[in-house]
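**Q** Here the sequence shown stands for residues 143 to 261, where the numbers follow my numbering.
The beta-carbon is built from N, C-alpha and C at its ideal position, and this holds for glycine as well.
Next up is a structure, given as structure tokens.
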Amino acid sequence: MAEELTEQDLHNLAMNVVGKDLEKRGFEFMTVNSKLRRDPQFVCLKNKKLHFIIVRAISYPDNPSEVDDVFMETVKEHALKFKALTYYAGVGIANASDYEKPVNKQQNYIIKYDGLIEI
């Protein structure tokens, strides 16, 4: 029986995808928090400006680009106290052989990441 990825495993996968994207775009990491439900996941500097980035691993069939506006408003209010910009990074993860099946450690998976969404 194939071992399913846990919620934390999926979150770590999403963190890796977003972290690599931020690195490529020249963000400097101040703090990284990969614990589930501890926001923001990334606090970065770019062009002398502070950025808060919220990362979410989203399982198929949910849309990784769909933002929880109520929650993000709370994060944005917190970020404004630090004069920080706020971004949402949703990473869709699905089992490559059958989207309806859970992602597991023995099979390939597909990632859908459309980049940062400014809040």
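Return yes when the Cβ of GLU145 is within less than 8 Å of the Cβ of LYS247, no when it is not.
**A** Contact: yes.
**Q** Span of the alpha helix (DSSP H) holding GLU165?
**A** Taken as a continuous stretch (DSSP letters only), the alpha helix (DSSP H) holding GLU165 covers 149-166.
**Q** Can you list, in chain order, the residues of its chain with a C-beta nearer than 6 Å to that of TYR229? Leave out the 5 residues immediately preceding and following it.
**A** The residues are ILE195, LEU258 and GLU260.
**Q** Enumerated in chain order, which unbroken segments of the beta strand (DSSP E) with a length of 3 residues or greater are wholly contained in the stretch 200-240?
**A** Listed in chain order, they are 227-237.
**Q** How is PHE169 classed by DSSP in three states: helix, strand or coil?
**A** Note: PHE169 maps to coil in three-state DSSP.
**Q** Specify, as a first and last residue, the run of the beta strand (DSSP E) that LYS177 falls within.
**A** From DSSP, LYS177 is part of no beta strand (DSSP E); its letter is neither H nor E.
**Q** Indicate whether ALA231 and VAL160 have their beta-carbon atoms separated by less than 8 Å.
**A** The answer is yes: Cβ separation under 8 Å.
**Q** Grouping DSSP H, G and I as helix and E and B as strand, with all else coil, what is ILE196?
**A** Three-state DSSP puts ILE196 in a strand.
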